[in-house]
Ligand code: AMP
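In my numbering, the protein residues as written are 20 to 301.
Encoded structure:
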């Protein structure tokens with residue numbers, strides 16, 4: 020497995036005659052890798068001749084400086100996991116390589132998908148995500164790029180970015196990987212204390228409860244009961260719990276099995292912010 024710190028080195032490698040003909044798959048990450056990331060990598064390895072994973076903690080997508088500073092960074096362990104998963108190349112640039120003029124966010128017309136939920140509660144976050152993903156897609160120029168539905172709103176933002184910038188890449192959305200007890204895997208879970216880790220389970224429990232009961236109650240009742248369950252859990256502070264159209268994130272007033280919809284939650288566990296979502300119908 021090769022590790023490149025600069026776009027020039029990476030592109031030199033990709034231009035070699037042997038590589039130029041190969042299909043290239045790309046998995047962008049912020050590192051502190053877990054099985055959720057590795058499932059994206061495995062799919063990328065299966066579907067492409069060359070698999071590239073990037074590790075970069077992107078300063079422009081953090082609206083909380085403390086969260087940026089405390090974001091887990093364990094590159095050596097990440098490299099071992101990637102090697103074992105069959106990844107061919109790691110792109111591991113410094114901030115200066117990605118933002119030679121300093122970390123500046125570009126502003127895109129991301130449309131309505133950027134407005135609710137994380138768009139509302141994390142101002143500027145998705146513009147930062149779009150900025151960094153656009154830079155990485157230019158540096159790597161992959162045929163396919165893999166994103167998890169764990170960050171479902173982000174996946175829709177990236178699809179929109181690709182559309183408005185006319186980027187020649189296929190965006191592949193991948194299922195959410197969970198711990199055995201249901202908690203969605205996240206690098207931020209590393210920062211939870213043992214009791215926070217246990218209490219955080221209420222988030223996925225409520226999402227699955229809503230899914231199971233989607234046809235038994237009105238939408239308002241489902242959300243009110245769900246919010247109550249979370250409010251009653253120690254150490255967990257709900258930020259939002261919403262049911263929205265899965266394609267455009269528009270608010271829906273009534274659940275219908277023929278309309279793809281998802282339930283989304285964000286909650287604080289101490290100072291750690293966790294997000295999760297579940298499809299209401301398979
Ligand atoms: P991150 O390192 O958190 O920025 O995530 C990098 C990529 O991995 C994103 O596309 C995430 O959606 C995806 N990802 C993170 N956690 C999970 C998970 N539990 N299941 C599926 N994909 C995930």
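By construction, the Cβ of each residue, glycine as well, lies at the ideal position given by its N, Cα and C atoms. Keep in mind that this is a model prediction, so the values were computed, not measured.
Within 8 Å, strictly: CB atoms of residue i and residue j
i: residue 129; j: residue 178; result: no
i: residue 258; j: residue 287; result: yes
i: residue 54; j: residue 196; result: yes
i: residue 82; j: residue 153; result: no
i: residue 132; j: residue 29; result: no
i: residue 186; j: residue 156; result: yes
i: residue 109; j: residue 98; result: yes
i: residue 165; j: residue 281; result: no
i: residue 64; j: residue 105; result: yes
i: residue 59; j: residue 43; result: no
i: residue 25; j: residue 112; result: yes
i: residue 100; j: residue 172; result: no
i: residue 241; j: residue 233; result: yes
The ligand AMP heavy atom lying under 7 Å from the CB of residue i
i: residue 206; result: yes
i: residue 170; result: yes
i: residue 203; result: yes
i: residue 55; result: yes
i: residue 78; result: no
i: residue 106; result: no
i: residue 59; result: yes
i: residue 112; result: no
i: residue 183; result: no
i: residue 136; result: no
i: residue 222; result: no
i: residue 195; result: yes
i: residue 167; result: yes
For residue j and residue i, believed in contact at Cβ under 8 Å, the rounded distance
i: residue 255; j: residue 221; result: 6 Å
i: residue 74; j: residue 48; result: 6 Å
i: residue 135; j: residue 168; result: With 8 Å as the limit, residue 135 and residue 168 do not qualify as a contact, their Cβ atoms being about 17 Å apart.
i: residue 249; j: residue 238; result: Going by Cβ atoms, the distance from residue 249 to residue 238 rounds to 17 Å, so no, they are not a contact pair.
i: residue 80; j: residue 151; result: 7 Å
i: residue 146; j: residue 126; result: 6 Å
Separation of residue j from residue i, as counted between CA atoms
i: residue 251; j: residue 275; result: 29 Å
i: residue 78; j: residue 162; result: 26 Å
i: residue 244; j: residue 284; result: 14 Å
i: residue 300; j: residue 66; result: 27 Å
i: residue 45; j: residue 265; result: 24 Å
i: residue 214; j: residue 208; result: 12 Å
i: residue 92; j: residue 50; result: 7 Å
i: residue 102; j: residue 20; result: 6 Å
i: residue 231; j: residue 118; result: 45 Å
i: residue 212; j: residue 190; result: 35 Å
i: residue 236; j: residue 210; result: 36 Å
i: residue 216; j: residue 202; result: 9 Å
i: residue 290; j: residue 52; result: 21 Å
i: residue 270; j: residue 34; result: 46 Å
i: residue 114; j: residue 121; result: 8 Å
i: residue 85; j: residue 272; result: 37 Å
i: residue 192; j: residue 36; result: 30 Å
i: residue 247; j: residue 116; result: 46 Å
i: residue 181; j: residue 218; result: 38 Å
i: residue 229; j: residue 278; result: 16 Å
i: residue 298; j: residue 149; result: 24 Å
i: residue 140; j: residue 27; result: 37 Å
i: residue 76; j: residue 57; result: 17 Å
i: residue 90; j: residue 199; result: 24 Å
Interface flag, residue i vs chain C, CB-CB below 8 Å
i: residue 47; result: In the structure shown, chain C cannot be found, because there is only a single protein chain.
Cβ-heavy atom distance, residue i to the ligand ATP, below 7 Å
i: residue 47; result: Because the ligand ATP does not appear in the structure shown, any question about it cannot be addressed here, the ligands present being the ligand AMP.
Item to check | Touching by the beta-carbon criterion (3+ pairs, under 8 Å), the region 288 to 296 and the region 221 to 231 | outcome: yes
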